[in-house]
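Participant: In this note's numbering, the protein residues as written are 3 to 529.
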């Protein structure tokens with residue numbers, strides 16, 4: 003709407019006996035596009051007395067997609083043989099929703115140029131059409147061409163590429179790439195990417211150029227929402243070449259790697275190039291199962307990655323598929339880079355090679371409030387300090403910290419190669435290290451009902467009010483504030499009155515706030 007005043011009255015209320023003058027060019031249009039386009043707003047410029055035409059010198063500065071200033075100048079003109087000076091000095095600051103938006107419909111058999119629901123076009127044609135604020139809608143079916151987004155949006159006007167029906171639009175390419183986002187201000191939602199075991203050798207979805215394209219700048223402001231990615235022979239989601247401000251949420255990732263060695267669910271950051279540092283990535287409310295490498299790995303050149311409120315389970319070693327038994331995965335979650343956080347995740351039935359958490363020391367990482375149980379197979383350690391190729395000079399970043407996690411019934415409850423001056427591991431349940439509750443005391447009676455997945459502390463548990471002063475989290479696994487005067491050991495803070503939400507899937511819980519630097523993404527109460 004416009005704000006301002008005319009003759010002392012609000013601009014939204016016309017002067018008695020006046021007519022509105024509207025700039026016809028103040029509505030954004032797109033040449034050479036079809037689709038289904040709808041009008042959302044315009045700009046009311048001025049009110050003039052009835053019967054008087056606008057003076058020729060009135061300057062109309064039309065509104066663009068971001069809103070504009072509408073200015074009228076002072077004009078002298080004659081009425082009935084004498085001059086009347088009318089001061090048209092109102093200034094209107096116009097702010098409204100995107101003026102126009104279009105929906106371009108595509109289908110696996112689409113061959114038209116209209117890109118409407120009744121006459122859809124091909125995937126490639128539809129993806130070549132959107133302007134900022136528009137959407138490309140994938141109708142149900144299996145697409146045998148890759149989904150490559152190369153037309154981006156603008157701040158507050160993203161280009162949206164979505165399935166008409168969640169997971170009913172399937173991208174399946176027999177031998178090649180599946181999904182790529184090579185533009186900024188993009189939301190990709192509801193699409194299935196099927197590697198079909200023989201395809202997807204370059205992985206599922208990549209945000210940014212990687213080594214496959216040359217882009218003018220790193221991709222940023224991207225949301226991957228409610229994707230299904232399965233049976234890819236490499237990483238499910240890769241972000242490796244300087245991208246930033248990315249949100250990944252509500253995705254289902256199944257069976258990554260397997261026939262190949264590399265099979266991370268999330269592969270983030272650059273191993274070699276500081277100019278390609280990945281940062282401000284928020285990963286939450288995803289379900290990941292059946293992966294053969296790390297569930298999540300952040301590389302050397304990454305920072306401020308937050309992974310929280312996710313499920314990781316059924317991890318397996320590559321040897322299960324005939325690979326080298328000595329070339330095991332590293333961890334379920336491996337953190338290199340600096341200032342990354344993993345919290346309030348649930349990890350179970352995983353066979354990790356080195357440890358559940360492999361952590362770069364002296365890098366400012368924080369791992370807390372996670373629940374880890376029912377480990378299988380190898381699992382040399384529960385936590386392992388990554389000492390074989392230390393990334394940062396001493397003193398550049400504070401010690402990394404692992405605290406207030408619960409480890410239960412794992413192949414190993416040991417902490418590997420610890421230097422407590424650069425990696426602090428305290429206040430956890432089920433770690434055989436001073437300052438933590440050891441595995442010998444981590445028995446079923448400690449918890450409410452562990453066989454049913456209820457790892458809240460039982461009343462009178464020796465883990466209650468036992469945590470040392472630091473480090474500790476002010477909230478627990480469910481983002482409940484602590485009770486009493488001291489934080490409990492483990493991922494849960496004891497309270498007989500707290501409502502228990504753990505059995506709900508991540509998609510049924512509301513996500514905590516996004517990390518600093520990201521635009522806030524509102525999640526509905528039913529998410």
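From the three backbone atoms N, C-alpha and C, an ideal C-beta is built for every residue, glycine too. Remember, predicted model here, so these are calculated numbers, not experimental data.
Mind checking residue 172: buried by the 16 CB within 10 Å criterion, or exposed?
Facilitator: buried
Participant: Identify, in the order they occur along the chain, each residue of the same chain with its Cβ nearer than 7 Å to the Cβ of residue 466, setting aside the five sequence neighbours on each side.
Facilitator: For residue 466, where only same-chain residues beyond five positions count, the Cβ hits under 7 Å are 459, 490, 496.
Participant: Starting from residue 277 and walking both ways along the beta strand (DSSP E), at which residues does that stretch end?
Facilitator: Per DSSP, residue 277 belongs to no beta strand (DSSP E) and is neither H nor E.
Participant: So residue 298 packs on residue 335, CB below 8 Å; how close in whole Å?
Facilitator: 5 Å
Participant: For the beta strand (DSSP E) containing residue 298, name the first residue and the last one.
Facilitator: 298-300
Participant: With burial defined as no fewer than 16 other Cβ atoms inside 10 Å of the residue's Cβ, what is the status of residue 451: buried or exposed?
Facilitator: exposed
Participant: Could you have a look at residue 485 and say whether DSSP puts it in helix, strand or coil?
Facilitator: coil
Participant: Within the chosen definition, does the stretch 197-208 reach the stretch 170-184 through at least 3 CB pairs nearer than 8 Å?
Facilitator: yes
Participant: In this structure, does DSSP put residue 138 in helix, strand or coil?
Facilitator: strand
Participant: Does residue 242 come out as helix, strand or coil in the three-state DSSP assignment?
Facilitator: Coil.
Participant: Kindly indicate the opening and closing residues of the alpha helix (DSSP H) around residue 126.
Facilitator: 125-129 is the span of the alpha helix (DSSP H), which, as asked, contains residue 126.
Participant: DSSP on residue 320, reduced to helix/strand/coil?
Facilitator: helix
Participant: Within this structure, are the beta carbons of residue 361 and residue 388 separated by less than 9 Å?
Facilitator: yes
Participant: Mind checking residue 275: buried by the 16 CB within 10 Å criterion, or exposed?
Facilitator: exposed
Participant: Roughly how many whole angstroms lie between the Cα atoms of residue 456 and residue 126?
Facilitator: 48 Å
Participant: Would you be able to state if there are at least three C-beta pairs under 8 Å between the stretch 235-248 and the stretch 207-226?
Facilitator: yes
Participant: So is residue 12 buried or exposed if we call it buried at 16+ other beta carbons inside 10 Å?
Facilitator: In this prediction, residue 12 scores a pLDDT of 37, lower than 50, which makes its location untrustworthy; the coordinate-derived value is nonetheless stated afterwards. By the 10 Å Cβ count, residue 12 comes out exposed.
Participant: Where residue 268 and residue 236 are concerned, what is the direct C-alpha to C-alpha distance, given to the nearest angstrom?
Facilitator: 10 Å
Participant: Taking the CB atoms as reference points, tell me whether residue 448 and residue 463 lie closer together than 9 Å.
Facilitator: yes
Participant: Would you call the CB atoms of residue 135 and residue 161 closer than 9 Å?
Facilitator: yes
Participant: Between the Cα of residue 108 and those of 120, 115, 478, 124, spot the shortest distance and give me the residue it belongs to.
Facilitator: 124
Participant: Please report the straight-line C-alpha distance between residue 189 and residue 226, rounded to a whole angstrom.
Facilitator: 6 Å
Participant: Tell me which same chain residues have a C-beta within less than 7 Å of the C-beta of residue 364, skipping the five on either side of it?
Facilitator: 394, 396, 399, 401, 402, 424
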